[in-house]
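Heads up: the sequence shown runs through residues -25 to -1, 1 to 1135, numbered per mature numbering (1 follows the signal peptide of the UniProt record, and there is no 0).
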Amino acid sequence: MRCARTFLMFRAILWSWLLLGIGHAEPVPDFAINVAISGSATVSSLALETKVLFQSISSSTLQLKSGYNRLAAVTTALEQISSKIVTAGTALTQAISTMSLNNNGPIATYFNDISTALSTLQGLVGNGLSSQMATLNQNIDNFVTAKLQDSFRSMSTSLGLLSQAVAAMRTAVTSAKNASGSSPTVSPTTAKKYVTARIITDLTNAIRLLKSDIPIMVLVVHATLGSFQDADVYLTGITGEAELRVQDIVGYGSDFETDVNAFAGALKTNTRTELDTPYQALKLDYANELKATVEADTDFKSAIDGLFTKLDTLLADGATISSTFDSTVNAYLAHVLALDDDLTTFYGTSMCSVIKMVVQVVIKNGPYAQFCFSKFAQKVFNLFVTHTYDAADCYRLQVYRLEQLRTAIHSIVQLILHDIEELLENVQQCVRLNDYPHCVPFFIKRASRTINVNMKLYALILLVVLATESVVVNGLPRPDFGIPQGALTNLAIAQRATGLRGTFDTLDDFTIKPGTDPLAVDSINSIGLQVSRAGITLMDAIVALANDDVGPIADGFARVNQALTVLNQLLNGGLTSELNTLSDKIDPLIRSIFTEGFASVSKALQKLSTALAALQFAIQRAKTAAGSGPVTATLVKRYVTSQVLYGVDIALLDMISTVPLIKYGIYRTDAAGRPDFGLQGEIVGSPLVIQQTSTASFNIEALSDYKILLGSEYQPLYDERDAFYSVAQKLTRAGIAMADSVVALADDNSSIVTPPFLSAIASVNSMQAVIGTGLAQEFLALRPRNKPYITDRLTDTTTYIGQTLTALAGILRTLQPAVEQTQANAGGSGRPVTTTAARQGVSPRLINSLLNTIDRLGGGISPLIYSVHNPLSQVDQGDTYISTAKSDIEAALLQAHQEVVDFNGNLRQLKQETIDYTNTVGSSYVDQQTQLADILPTLKASSTYQGLKTALDAYDSALSVRSINAKTLQLEQTVTGYVALSKTFDDDLVIWYGDRICPVLRGLVQVLVASGPYASYCFHKYSLDVTDLAVHNFYDIGECYALELNRLYATHRLIADIADLVIYNFVDLFDNLNICAQITPCPSGCDSCVTTIGKFLATMAQLTDGKFGLITQIITYEAKASLQRVKSCTAFSKYRLVADAHDLLKDVFTCEETGYKNPN
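The following block contains the structure:
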């Protein structure tokens, strides 16, 4: 940014301005008195501009939905502060504008209105808002109040100066009015005497100082209310997420109940079948072969009948087995289903404190609030997601363990069968021995072992009970972290929406696998078609709104909001029937996938709704500011900031990353068993790995989407932008490559396990290398003036990502041999792996660890995007400011030069008026000569006429055309020379502005783009002050020329008075000579009279010549004195600029370190 070179380009323009017509600094009657006073229009317009700024402090009332009382309290307090400041400020500035343009008074009425409003505003910024400030301090610490108090201190100083300036103006106009007596008007001379240029300049400068205090207040109020809105949306969203996760976990429990009942029913039936059939066969064999023999012996019969009775009770009718199974399973499921009974309460007690801390961080509005919120908000949000994964993992793990229980129960059944077989063998032995007295007792003892059947059955039940007890422990929630995380013009938003339209359009473009249940097909078609149509309608409305240049504004936004509401309602309950059908007919996991996708899109819609509301408010403000005129580019840039547009774009980016989750749900319904991780078999959880990794890929792709167009020619901004682009590009490429390789791994079904694992691990290592050493050059460029703010944030974020990548690589290395061994156990490459074998080889816990790590990886993307996009937006803001500020400074240059043009024009006009008045001496003398023509022949006859002739010749000499021309020529030449010099006093102003204002301008932009904790605050606090350096200098220079013009008017009046005095010396010439001519006889009788008047006129002629000659001296001396005064005044205005620029630059850099902290 070469400021001096830029400003020098204006020399040719300024010279052309000097050739314009004469400017007149006499506007309408002003300041409550009936006289035209230069500067009143400026005061009025400046006051109205300040009024608009005051009104911009107010924002639309927030519609809080979270029910958080603390948030409601601080919102009310801040809205009350802004409302009172706006009311008082609007009243004050309107009163000043009204007074400055009034021409009939009464003076007291108009000035009293100003004093009343001024006192009210002073009281507010003094201690009049203590109650609201106390509310803010009590609820959200003192960051917000510290900013407000800092802005109040500045405004209080400005109001003090304004009070003094208004009092001085009131005294001046009152004095001018009193000096005019009863006259209804005040003469310009009187007005200039009392209402001096200094008084007007002081009032103008005071208003500008007040105006420069408002932007920082606007920033504080809007940013704080914006953070309150973010907190409210966050609380509402996280409440909805908790409710959704409770439903998910309840759904998992219901599915698990179904699985357990099916498992228990099948196990019970199989057990009874396996035991009852052999037992019945044994009884048949006994009846056919042994019963008659056994019953022949009473003791033998009694013993055998007793054993069969016991066995009948245990086995034959299955009552014990059935009842034991039923009671055990029912108790087990009662435990399981009770796990989520108090889940909502558990979430409240366990999560409330951490959610409160996250919300408190953002509503405190401390220097690192936004970064910390971007870093941790979604991590807390994702605790619910992670808990859902953990709960699902518990159920999956328990199903795996129940499969193992099935094997144990089968072994017990085999043992029971052995006991049954042994019973028949023992009876047969006794029969063969035919020694009942000895054999039967022995048989009874041996047969008692059969009672072990009972013990073994209860051992079976014990296994079931023990298996159920572990669920209670494993079901406890385990917190973890994860987070997901812009557009500068309407074209970018339209393009983004157009791209999203294409994404929605693909939702109804799919092919259903043959053999899929018809009801499921209908449900899939319904989901795809309805979401596709609603999404397309919304995107079409956004594109139409972005391209709409006709309006009305409200209509376009209404169409978008209506379409948004339709889609949101569809995603939140409008497809429940279809989801239930898919859960019943295909897989409950499908419902979870769709629910996850719907919730993610719905959350993005909520963010889009908030961003669109902010955009509509900003556009409406620009429209209101334009009044009945067109909405100019300047107004759009002022009100529709890049941050507002960025909010819409980032919401659309969120949708870009979430809509594919719905598409994946549709794809999942169309897919058979999921081949995973190189294994030719299904690993439970792999679809979630693909989904979460794909989401991370989508999110990190947004890192490189933010592009800015620079035009300031300030090279450090270009260097910083390019460094950010490089960081974003490297991390995006590495991140997408890493995510793609993990997705490819999870999706691989080749049965050749090692290559996809090696590829995934290598891509993780590549991204770690980029984070570790691949950004060193960029980091050097991102430490402007050795300030580490940007690199510290990036380092913090990339360190977290690097640690997560290390964990991810470790899990993949652990997972690899497990998968390799599972494939090997199935017979090697090309051999299918059963689901049971996959579960045994790759535990659900290992997959769950992988999922949680991927979620944590997402937790680094959000602050990474913030750490790149936020300072990039500040670079863009700094670039725009430089261009705008240069334009404002150039305008001040033009105005300063116009002051010179106006002064020179007025001076030329004053010169002509002086020449015209001087020429009246000659015309008056000619009138006397005309009258003397009738009496001079009589007087010439006198013998003493020679003395009179000498006197008259002296008059002719002093008052001749030649004499008068000499004086007017001198005046012409003097003024010409004067103008030639005076117009050069601002020739070096271009250099002064370049050398003095540009360093301050650069310094402020450097502070902004260094992106420190107070960067935005300091920028808004001092941005107007920088351009005001030029404006105040313009006022000072204008005052120099205005003051000198008043003095030159006094010189004009002095020359006019001298001309009048000269005329007085000959105005009675005819009358006096006519007295002599009337004496008779003449020549003899009038000689004495002629002699006497000759002597008198000789003296008067001499005095006339001397007096007329004073004009020459006055012109010479006063021109030199005036030039010196103007030169000195303009020079001191430049030195004042030097001092002010030095102090301002010091304040800017001090603010970078201390921010809004009270320096006292």
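Backbone N, C-alpha and C fix where the C-beta goes; we use that ideal spot for every residue, glycine too.
Under the three-state DSSP convention, the category residue i falls into
i            : result
Lys1121      : helix
Arg820       : helix
Tyr681       : coil
Ser157       : coil
Asp1115      : helix
Val119       : helix
Cys1057      : coil
residue 1136 : Outside the shown range of the chain (-25 to 1135) lies residue 1136, about which nothing can therefore be said.
Ala801       : coil
Ser986       : coil
Ser932       : helix
Val148       : helix
Arg883       : helix
Ile(-4)      : In this predicted model, Ile(-4) has a pLDDT of only 31, less than 50, meaning its place in the structure is not dependable; the value taken from the coordinates is given anyway. Ile(-4): coil per DSSP, three-state reduction.
Asp480       : helix
residue 1142 : Only positions -25 to 1135 of the chain appear in the structure, and residue 1142 is not among them; the question remains open.
Thr171       : coil
Ile625       : helix
Arg649       : Legend: pLDDT at Arg649 = 37, less than 50; position of this residue unreliable, value from coordinates given subsequently. DSSP places Arg649 in coil when its eight states are reduced to three.
Tyr775       : helix
Tyr433       : With a pLDDT of only 46 at Tyr433, under 50, the local geometry of the prediction cannot be trusted, and no value is derived from it.
Asn827       : helix
Ile910       : coil
Asp287       : helix
Residue i - containing alpha helix (DSSP H), residue span
i       : result
Leu554  : 551 to 560
Tyr700  : 690 to 721
Thr959  : Where Thr959 is concerned, there is no enclosing alpha helix (DSSP H), given that its DSSP letter is neither H nor E.
Phe1041 : Premise fails: Phe1041 is in no alpha helix (DSSP H) and is neither H nor E.
Ala63   : 44 to 76
Gln752  : 751 to 756
Ala745  : Looking at the sequence provided, one finds Val at residue 745 rather than Ala. 729 to 748 is the extent of the alpha helix (DSSP H) around Val745.
Asp515  : 493 to 521
Asp530  : 528 to 546
Tyr85   : 82 to 98
Val27   : 15 to 32
8 Å Cβ cutoff met for residue i and residue j
i            : j       : result
Ile182       : Ile89   : no
Gln107       : Val61   : no
Val702       : Gln849  : no
Thr199       : Val119  : yes
Leu826       : Leu663  : yes
Asn845       : Ser679  : no
Val1065      : Leu923  : yes
Leu956       : Thr889  : no
residue 1182 : Ala1034 : For the chain, the structure presents residues -25 to 1135; residue 1182 sits outside this window and is missing.
Ile711       : Ser672  : yes
Gln38        : Thr585  : no
Leu318       : Val221  : yes
Ile736       : Ala784  : yes
Leu23        : Ala63   : no
Ala941       : Asp1080 : no
Thr179       : Thr17   : yes
Val634       : Leu750  : no
Presumed contact (8 Å Cβ cut-off) between residue i and residue j, rounded CB distance
i       : j      : result
Ala1057 : Ser917 : Here the sequence assigns Cys to residue 1057, which means Ala is not the residue at that position. Cys1057 to Ser917, Cβ: 6 Å. Contact.
Lys1102 : Phe960 : 6 Å
Val717  : Thr668 : 5 Å
Ala147  : Val170 : 5 Å
Neighbour flag for residue i against chain B, beta carbons, 8 Å
i      : result
Ala538 : You won't find chain B in this structure, because it holds only one protein chain.
Which parts of the segment 245 to 280 are runs of the alpha helix (DSSP H), unbroken and 4 residues or longer, counting only runs that do not cross its ends? 266 to 270
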